[in-house]
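Data first, discussion second: the structure below is written as structure tokens.
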Amino acid sequence: MEQTMDLADELHERATDRTGLTDFGDQEYVEGLHVLLDGYAREAGLTAKGRAKVEGSLANALAARLRTEAAWREHPAHADTSVTRPIFVTGLPRSGTTALHRLLCADPRHQGLQLWLAAAPQPRPRREDWVSHPDFQAMQAQIDRRNAAVPGLKGMHFMAPDVVEECWWLEHQSMRSLAFPSVAHLPSYRAWLGRQDLRATYARHRRVLQLVGMTSPEQRWVLKNPGHLFSLDALMAAYPDALVVQTHRDPRSVVASVSSLTSRTSAGTSTVFEGSVVGRDSLELWATAADRFLAARATYDPAQFADVRYDEFVADPVGTVERVYDAFRLPFDDDARTAVTAADDVSRRGERRPDHAYSLEQFGLSAGEVTERFDRYLSAFPELAVS
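Numbering (this note's numbering), first residue to last: 1 to 387.
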């Protein structure tokens with residue numbers, strides 16, 4: 001425990017040295033940081049490469065927290081920025097959430113959370129100033145290093161500083177996020193997270209959106225994170241008028257795909273988080289999340305939810321987006337159709353073109369095991385496992 005305390009102090013110092021700031025705000029994040037560090041030390045089997053990666057990620061999250069606190073003080077008017085009927089895309093990972101999110105964000109009336117602003121929250125500058133911004137350039141360098149370290153990553157999940165990304169980056173500031181156990185063997189942290197009240201995490205999430213979006217308050221927010229499956233009640237407490245899109249795909253394909261992506265991106269970081277451990281961790285994590293979401297969703301107004309099947313989305317992306325608009329009684333006008341169609345065309349070409357092969361057997365799992373563990377989810381959506 002003393003070692004964990006020392007490392008926590010060191011990470012705080014690194015964040016302070018990097019930013020020149022010292023105010024981390026309230027202390028709601030501290031317990032999560034210590035639970036994480038304990039799990040990394042006792043369970044995750046980190047290699048030297050893994051420790052460097054984890055410590056860098058946590059220091060980045062603390063630096064983002066410092067910068068967010070400073071930006072809130074510098075721009076007090078952020079508190080008056082409206083966040084009205086935001087759209088949240090969630091669903092099992094590898095079920096089309098990223099592609100759908102990016103198409104929805106193509107509508108000029110919408111705004112998403114660009115990757116560089118997720119990592120360095122601030123009022124969104126004019127687009128023509130992005131490329132020369134130090135934070136934008138720092139994120140580009142980080143992506144270049146990641147792509148160089150993980151061959152083929154672009155085809156599994158394309159990233160760029162100016163492309164909208166998952167909003168778990170904001171949850172990292174609170175050290176309460178499903179993103180942590182999705183990329184490392186952290187059973188104790190996962191169990192701890194399942195017992196937490198996440199309303200403060202989502203209240204902070206909303207306040208960050210107010211900051212980033214204060215220069216574009218007229219645009220509707222569109223966010224995405226499969227981790228929202230785990231925390232619908234907290235999300236709805238922060239955004240009671242939220243519109244939630246749930247994507248669906250056969251869990252057998254989901255677990256195989258997410259295990260493959262996780263295994264590739266975490267290669268060399270752990271002596272434990274490999275092969276069947278990755279597969280079983282992924283199975284348990286996402287089956288639990290699906291069960292939690294299913295139970296929570298039943299308590300809210302059905303009009304706030306829309307469902308998208310992966311196969312239908314792949315077959316007709318633009319038509320699927322239009323059906324989402326119809327479900328929420330939003331106008332899909334000519335400007336939106338043109339922008340979404342253009343974005344869909346771009347997503348199929350060059351570095352953005354999907355390219356990913358995988359199987360359950362690579363991760364010590366069988367189709368029957370996955371089907372059995374997702375029994376409740378498949379009972380609600382039986383058409384997902386017909387073959």
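We put the beta carbon where it would ideally sit given N, CA and C, even for glycine.
query = In its own chain, which residues sit with a C-beta less than 7 Å from the C-beta of His390, not counting the 5 before and 5 after it?
reply = Residue 390 lies beyond the stretch modelled for the chain, which goes from 1 to 387, so this question has no answer here.
message = Based on DSSP bridge pairs, tell me the residues matched to Thr247.
response = Gly91, Val308
Check: His12 C-beta below 7 Å from any heavy atom of the ligand ADP = Looking for the ligand ADP in the displayed structure turns up nothing, as the structure carries no ligands at all.
message = Check whether chain C comes within 8 Å of Ala339, counting only Cβ atoms and requiring the distance to be less than that.
response = Reference to chain C is not applicable here, since this structure consists of a single protein chain.
message = Need the endpoints of the alpha helix (DSSP H) that Leu209 sits in, please.
response = 199-212
message = Can you give me the C-alpha to C-alpha distance between His133 and Ser57, rounded to a whole angstrom?
response = 21 Å
inquiry  = For Tyr202, which residues in the same chain have their Cβ closer than 6 Å to its Cβ, ignoring the five residues on either side in sequence?
reply    = Ala234, Leu235, Ala238
query = Tell me the DSSP bridge mates of Gln122?
reply = BP columns for Gln122 are empty, so no partner.
Reference Ser174; option with closest CA among Arg373, Ala59, Val183, Ala138 = Ala59
ask   = Ala15: which of Thr47, Arg102, Thr68 sits nearest, CA to CA?
value = Thr68
ask   = Which first and last residues belong to the alpha helix (DSSP H) in which Trp192 is found?
value = 187-194
request  = Tell whether a beta-carbon distance below 8 Å holds between Ala120 and Gln210.
outcome  = no
inquiry  = Taking only three categories from DSSP, how would you classify Trp391?
reply    = The question about residue 391 has no answer here: the residues shown for the chain are numbered 1 through 387.
key: Integer-rounded CB distance, given that Ser379 should sit under 8 Å from Thr247   = About 18 Å; that fails the 8 Å criterion.
key: Selection from Glu322, Phe305, Ala298 that minimises the alpha carbon distance to Glu312   = Glu322
inquiry  = Looking only at its chain, what residues have a beta carbon closer than 6 Å to the beta carbon of Leu223, apart from the 5 residues adjacent to it on each side?
reply    = Here the set comprises Phe88, Cys167.
Leu229, enclosing beta strand (DSSP E) - first and last residue = Unbroken run through Leu229: none, as it is neither H nor E.
key: Where the alpha helix (DSSP H) through Arg67 begins and ends   = 48-74
key: Close-in-space but distant-in-sequence residues of the same chain around Asp344 (CB under 7 Å, 5 per side omitted)   = Leu103, Pro317, Val318
message = Tell me the rounded alpha-carbon separation between Glu128 and Gly194.
response = 42 Å
request  = From the DSSP output, in three-state form, read off Ser270 for me.
outcome  = strand
message = To the nearest angstrom, how far is the alpha carbon of Thr22 from that of Tyr189?
response = Annotation: Thr22 to Tyr189 spans about 27 Å, alpha carbon to alpha carbon.
message = Just verifying my parser: in three-state terms, what is the DSSP assignment at Leu223?
response = Looking at Leu223 - three-state DSSP - the assignment turns out to be strand.
C-alpha gap between Gln219 and Arg85, whole angstroms = Rounded to whole angstroms, Gln219 to Arg85 spans 10 Å at the Cα level.
Bridge partners - Gln111, DSSP secondary structure assignment = Gln111 is bridged by DSSP to Trp221.
query = Quick one: is Ala48 buried, meaning 16 or more other Cβ sit within 10 Å of its Cβ, or exposed?
reply = exposed
inquiry  = I need the DSSP call for Val163, collapsed to helix, strand or coil.
reply    = coil
task = Decide if Pro251 is buried, meaning its Cβ has at least 16 other Cβ atoms within 10 Å, or exposed.
result = buried
message = Only counting the same chain, and skipping five residues up and downstream in sequence, which positions put a Cβ closer than 8 Å to that of Glu43?
response = His185, Leu186, Pro187, Ser188, Val272
ask   = Could you give the residue range of the alpha helix (DSSP H) that holds His319?
value = The residue you asked about is not His; residue 319 is Gly in the sequence shown. Where Gly319 is concerned, the enclosing alpha helix (DSSP H) stretches over 317-327.
task = Measure the C-alpha to C-alpha separation of Asp307 and Arg297 and round it to an integer number of angstroms.
result = Their Cα atoms are separated by approximately 12 Å.
query = CB Val163 to CB Leu115, shorter than 8 Å?
reply = Taking 8 Å as the Cβ cut-off, Val163 and Leu115 qualify as a contacting pair.
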